[in-house]
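Beneath this line is the structure, given in structure tokens, with notes to follow.
Number of protein chains: 2
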Amino acid sequence: MKKKVKILLTNDDGINAPGLYALYKEMKKEGEVFIVAPDSEKSAVGHAITLSDPLRVSNFYKNDDFFGYAVNGTPSDCVKIAYWALDIRPDILISGINLGSNTGINIIYSGTVSAATEGMFLDVPSFAISLTTFTHPNFKIAAQFARRLSRVVLQNGLPKGTLLNVNVPAVDDEKEIAGIQITRQGKAHYREEFDKRNDPHNRIYYWLTGQKVELEEDDDVDDRAILNNKISITPIHFDLTDYQTMEKLKRWDFADLLREDKE
Amino acid sequence: MKKKVKILLTNDDGINAPGLYALYKEMKKEGEVFIVAPDSEKSAVGHAITLSDPLRVSNFYKNDDFFGYAVNGTPSDCVKIAYWALDIRPDILISGINLGSNTGINIIYSGTVSAATEGMFLDVPSFAISLTTFTHPNFKIAAQFARRLSRVVLQNGLPKGTLLNVNVPAVDDEKEIAGIQITRQGKAHYREEFDKRNDPHNRIYYWLTGQKVELEEDDDVDDRAILNNKISITPIHFDLTDYQTMEKLKRWDFADLLREDKE
Chain A
1 MKKKVKILLT NDDGINAPGL YALYKEMKKE GEVFIVAPDS EKSAVGHAIT
51 LSDPLRVSNF YKNDDFFGYA VNGTPSDCVK IAYWALDIRP DILISGINLG
101 SNTGINIIYS GTVSAATEGM FLDVPSFAIS LTTFTHPNFK IAAQFARRLS
151 RVVLQNGLPK GTLLNVNVPA VDDEKEIAGI QITRQGKAHY REEFDKRNDP
201 HNRIYYWLTG QKVELEEDDD VDDRAILNNK ISITPIHFDL TDYQTMEKLK
251 RWDFADLLRE DKE
Chain B
264 MKKKVKILLT NDDGINAPGL YALYKEMKKE GEVFIVAPDS EKSAVGHAIT
314 LSDPLRVSNF YKNDDFFGYA VNGTPSDCVK IAYWALDIRP DILISGINLG
364 SNTGINIIYS GTVSAATEGM FLDVPSFAIS LTTFTHPNFK IAAQFARRLS
414 RVVLQNGLPK GTLLNVNVPA VDDEKEIAGI QITRQGKAHY REEFDKRNDP
464 HNRIYYWLTG QKVELEEDDD VDDRAILNNK ISITPIHFDL TDYQTMEKLK
514 RWDFADLLRE DKE
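In order, the protein sequence lines correspond to chains A and B. Each residue of the first sequence is one higher than the one before, starting from 1 at the first, in the numbering used here. Each residue of the second sequence is one higher than the one before, starting from 264 at the first, in the numbering used here.
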């Protein structure tokens, strides 16, 4: 008998998020599903981990068919605790389905991508999946795609140190999807603004806001693929070394930097 | 008359941290210093940014000579708010001096490095600086080095999209420092454990803990340079695309992934 595939799901929108539920409904057709997710929304927490506070794990039930572990921590915490404390040893990890895209520079702030990164560090084939809309999300198409992609990933494996960042365009009918594009992380980022306000006690506070700035028009850029109604798949890794600049720096004159300060 | 250099300092240990104060004492010899830092310790928050809560800025004074803006947010928030809300336009940004090293895989969790990354995104030459000890820190040598390095960085500039991650070995006398090494980000990481405990109400909770696992012995690895008593300087960037794997993925068979599910 074929061994049942063990699937670990997590997210950053919280264990009660509809994107996670939609993903679960599809993935349970593929194997044994474990869910370990934040007990509340943890968007934009990036790779944050909790060192100064104790972590707690609670049972979470929904709709008679959904059981998961809710953690009072970040997405990164969830994956670490699933593996090291709950002894879950998945064959694959999927993080999502995130409400809103994770593309360009913004992936460094993404809890969804960070959770998949944690899976990759544990040598578990991992991908993050996001639906590129905040309004009227229809998670079903992305969930079905996640399921099919999980098979291809399990079949091919992923290179050590690499995870996939997947973005699915928001469409009503799967037929509207124009294809799958292997992409690179674009340079799109937010031009930030702070909305300055006075609270009822006349103290100033700020809300972070901003406008997305698109910079590139190449077809193989993540944001561009989505604009073209394609599913974007970007392989990412976390060797952040800028090897080119390493060579440049070696030619800098550091001679004075360890001498006694004469000035 | 030469224009005064504008220097923005921040950190993740909080505005009251001795590492920031030591850095300030040195950097004020170089130019006009602005300090915008978290109002409390924000270690291991990575690139977390605050979207769901209002941010507040308070004046912070220390020892008659130190003035800064304290923000109830993360290191990334601090740099964004310094630039976009407080209109500080620095010539250079320095994040630190962090208590404890920022090397290997762990730099993705580092608030110190994330703050310098935010500077880089704003096209401000930026570096993060950490002292590789938690016990008996002597920040003076690292602070002096930061000052000298700032001159070299201002003179040479940094390539767009690149920042420097600097780690200074903990020594009592500068003469013990064996040199400066241009390094790459090593693969050192933590093998995590969770310390499982019962609280006074007999509820289970977990503390994240772990042991650092060193993997490489090459001289040009960040952690190895420090073991050799050298200052490690790693240029890092945030194009996370794994270009090699991109080519591999293009050869995967995605034909079935957009077809109606027959099973």
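From the three backbone atoms N, C-alpha and C, an ideal C-beta is built for every residue, glycine too. Every value quoted in this text rests on a predicted model; they were computed, and no experiment measured them.
Just so you know, the alpha carbons of T375 (chain B) and E176 (chain A) end up roughly 44 Å apart. Contact of M509 (chain B) with chain A by beta-carbon distance below 7 Å involves I182, R184, P235. Counting other Cβ atoms within 10 Å of its Cβ, L478 (chain B) stays below 16 and is therefore classed as exposed. Straight-line measurement puts the Cα of Y506 (chain B) at about 31 Å from the Cα of I88 (chain A). When the five nearest sequence neighbours on each side are left out, the beta carbons in the same chain lying within less than 8 Å of the beta carbon of F145 (chain A) are those of I129, V166, V168, I231, in order along the chain. Annotation: the continuous beta strand (DSSP E) that includes S389 (chain B) extends over 389-394. The Cβ atoms of D64 (chain A) and K42 (chain A) do not sit closer than 8 Å to each other. In the three-state reduction of the DSSP assignment, N165 (chain A) falls in the strand class, which pools E and B.
With a threshold of 8 Å between beta carbons, Y468 (chain B) makes contact with chain A. If you check the CB distance, R410 (chain B) and E510 (chain B) do not come in under 8 Å. Under the 8 Å criterion on CB atoms, G68 (chain A) is classed as non-interfacial with respect to chain B. Chain order gives no chain A residues near G359 (chain B), where near means a beta carbon separation below 8 Å; the closest approach is about 16 Å.
Per the Cβ contact rule, the stretch 358-377 of chain B is in contact with the stretch 473-488 of chain B (3 or more Cβ pairs under 8 Å). By the Cβ neighbour-count rule, S52 (chain A) is exposed, with fewer than 16 other Cβ atoms within 10 Å of its own.
Residues D458 of the same chain have their beta carbon placed closer than 6 Å to that of W470 (chain B), with the five preceding and five following residues left out of the count. Shortest Cα-Cα distance from I355 (chain B) to any of B:E295, B:T396, B:H310 involves B:E295. Looking at the DSSP output, G331 (chain B) sits in a beta bridge with B:F323. CA-to-CA, the gap between G382 (chain B) and N461 (chain B) works out to about 43 Å. In the three-state reduction of the DSSP assignment, P317 (chain B) falls in the coil class, being assigned neither a helical nor a strand state. Taken in chain order, the complete beta strand (DSSP E) segments of 3 or more residues contained in the stretch 338-415 of chain B are 355-362, 389-394.
Residue burial is scored here from C-beta neighbours: D218 (chain A) has fewer than 16 other C-beta atoms within 10 angstroms and is therefore classed as exposed.
When the alpha-carbon of V5 (chain A) is set against those of A:P90, A:R191, A:L55, A:K62, the nearest one is in A:P90. The beta carbon of A280 (chain B) sits no closer than 8 Å to any beta carbon of chain A. A Cβ of chain A is located within less than 8 Å of the beta carbon of S306 (chain B). Taking each of B:I278, B:K450, B:A406 in turn and checking the Cα distance to K325 (chain B), the smallest one comes out for B:I278. A straight line joining the alpha-carbon of G161 (chain A) with that of R56 (chain A) spans about 29 Å. Using a Cβ-Cβ cut-off of 7 Å, A22 (chain A) is close to nothing in chain B; its nearest Cβ partner there is about 15 Å away. Of all residues in the stretch 112-138 of chain A, those with a C-beta nearer than 7 Å to a C-beta of chain B are F121, reading in chain order. Here P301 (chain B) carries a strand assignment [DSSP, helix/strand/coil]. Burial is judged here by how many other beta carbons sit within 10 angstroms of a residue's own beta carbon; I204 (chain A) has fewer than 16 and is exposed.
DSSP places T209 (chain A) in the uninterrupted beta strand (DSSP E) bounded by 204-213. Contact annotation: L9 (chain A) and I35 (chain A) have beta-carbon atoms nearer than 8 Å.
In this chain, K459 (chain B) is not harboured by any alpha helix (DSSP H); it is covered by the beta strand (DSSP E) spanning 452-461. Annotated three-state conformation of Q444 (chain B) is strand, per DSSP. For L258 (chain A), there is no enclosing alpha helix (DSSP H), as DSSP marks it with neither H nor E. Nearest C-alpha to Q474 (chain B) among B:K291, B:R454, B:N491, B:D516: B:R454.
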